[in-house]
Amino acid sequence: MVNEFLTYLSFEKRYSKHTTVSYKNDLSNLSDYLLITYELSTPEHANYPMLRSWIVTLVDQELEPKSINRKIACLRSYYHFLQKKEFITKDPTLKIRALKVKKSLPVFVAEENITDLLDKFEFADSFEGLRDKLVLELLYGTGIRLSELIGLKNADVNMFQKTIKVLGKGNKERIIPIHDTFITLAKAYTIKKKSESFSNNTEFFVVTNNGEQVYPMFIYRLVRMYLDQVTTVDKRSPHVLRHTFATHLLNKGADLNAIKDLLGHTSLAATQVYTHNSIDKLKAIFDQAHPKS
Numbered sequence: 421m422v423n424e425f426l427t428y429l430s431f432e433k434r435y436s437k438h439t440t441v442s443y444k445n446d447l448s449n450l451s452d453y454l455l456i457t458y459e460l461s462t463p464e465h466a467n468y469p470m471l472r473s474w475i476v477t478l479v480d481q482e483l484e485p486k487s488i489n490r491k492i493a494c495l496r497s498y499y500h501f502l503q504k505k506e507f508i509t510k511d512p513t514l515k516i517r518a519l520k521v522k523k524s525l526p527v528f529v530a531e532e533n534i535t536d537l538l539d540k541f542e543f544a545d546s547f548e549g550l551r552d553k554l555v556l557e558l559l560y561g562t563g564i565r566l567s568e569l570i571g572l573k574n575a576d577v578n579m580f581q582k583t584i585k586v587l588g589k590g591n592k593e594r595i596i597p598i599h600d601t602f603i604t605l606a607k608a609y610t611i612k613k614k615s616e617s618f619s620n621n622t623e624f625f626v627v628t629n630n631g632e633q634v635y636p637m638f639i640y641r642l643v644r645m646y647l648d649q650v651t652t653v654d655k656r657s658p659h660v661l662r663h664t665f666a667t668h669l670l671n672k673g674a675d676l677n678a679i680k681d682l683l684g685h686t687s688l689a690a691t692q693v694y695t696h697n698s699i700d701k702l703k704a705i706f707d708q709a710h711p712k713s
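Per the working numbering, residue 421 is the first one in the sequence shown, and the count goes up by one each step.
Here's what the structure looks like:
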């Protein structure tokens with residue numbers, strides 16, 4: 421039933437490949453635990469005490485609550501699927517509760533640091549240099565996710581209409597505006613890419629030095645290498661540039677609903693976390709405008 425469940429996630433629920441693989445690994449780990457602990461060969465007939473015991477084991481291993489909650493989400497989805505298919509009559513996850521997660525504010529890079537990187541840093545005058553700057557401009561200039569950048573195709577970049585089309589979570593498409601600076605850079609990058617022998621062998625917009633589709637670790641290393649030049653924030657990842665995009669927009673007075681749409685959030689609650697990062701901006705406005713300040 422696990423394979424049927426994974427097929428259901430991919431083709432009916434349209435979950436991302438990353439989520440599907442994660443759920444597959446979670447169920448594999450659960451199956452190993454049930455076999456060793458309870459001599460249960462498959463997870464389909466596990467009951468609540470068995471599942472709770474597995475979760476307690478994960479807690480004892482000191483896994484992050486966020487990681488454990490993702491595994492709980494996998495369990496709920498799997499046993500709901502089994503019940504829907506009438507393979508089981510009772511959902512054993514009904515009494516399982518998610519762990520409390522300490523909420524932390526999104527890390528972002530200061531505006532002056534980003535300006536130093538994108539406007540003052542000298543990138544190599546080569547395909548690699550243009551590609552690297554393009555990646556940074558994409559992540560910071562549009563706020564797209566890592567997976568969205570990796571999946572971006574040549575046909576998705578419309579320089580005439582000044583937009584890009586990305587495929588987000590749940591296979592939902594959205595259109596994001598791009599600025600003139602990016603268009604100039606993209607044209608130079610495209611010309612350089614076409615001059616290379618691999619130009620006709622890929623449909624993807626951002627490629628490696630060999631003309632192949634970029635992969636997560638490639639982008640992680642690239643972003644960290646350049647952010648190391650301008651900032652000392654604890655996290656220096658592609659997602660930090662997404663946080664930076666949203667925070668800077670909010671600081672400049674952008675509407676929260678507009679930021680939600682640009683980021684591809686389904687709920688405004690996910691976007692509201694950025695309002696906490698803007699407290700310094702609010703304090704400055706308060707000091708400037710309030711009669712009692």
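Note that beta-carbon positions come from the ideal geometry of N, C-alpha and C, so glycine has one too.
Every value quoted in this text rests on a predicted model; they were computed, and no experiment measured them.
Comparing alpha carbon positions, the residue from V527, D654 and I595 closest to R662 is V527. Between L669 and G563, the CB-CB gap stays under 9 angstroms.
A straight-line Cα-Cα distance of about 14 angstroms links P636 and M645. For secondary structure counted as the alpha helix (DSSP H) over 4 or more consecutive residues, the stretch 456 to 538 holds these complete runs in sequence order: 468 to 480, 485 to 504 and 531 to 535. Beta bridge pairing from DSSP links K607 with no other residue.
The way I'd put it, the stretch 551 to 571 does touch the stretch 647 to 661; three or more beta-carbon pairs between them come closer than 8 angstroms. Within the same chain, F425 and Y428 come within 7 angstroms of F501 by CB-CB distance, once the 5 residues on both sides are set aside. Going by DSSP, L688 is part of the alpha helix (DSSP H) stretching over L688 to T691. Under a 10 Å Cβ-count criterion, T664 is classified as buried, with 16 or more other Cβ atoms of the shown protein chains found around its own Cβ.
The three-state secondary structure of L556, taken from DSSP, is helix. Per the coordinates, the alpha-carbon of L538 lies some 8 angstroms from the alpha-carbon of L556. The continuous beta strand (DSSP E) containing K585 extends over residues T583 to L587. From the listed residues L683, L688, T695 and I456, the smallest Cα separation to K672 is found for T695.
At the C-beta level, T601 and G561 come within 9 angstroms of one another.
In the same chain as F547, and ignoring 5 residues on each side of it, the C-beta atoms closer than 7 angstroms to its own belong to K612, K613 and E616, in chain order. Cα atoms of E459 and A466: separation of roughly 11 angstroms, rounded to the nearest angstrom. CA-to-CA, the gap between L559 and K510 works out to about 45 angstroms. The beta carbon of K582 lies closer than 7 angstroms to those of P597, I598 and I603 in the same chain, with the five residues before and after it left out.
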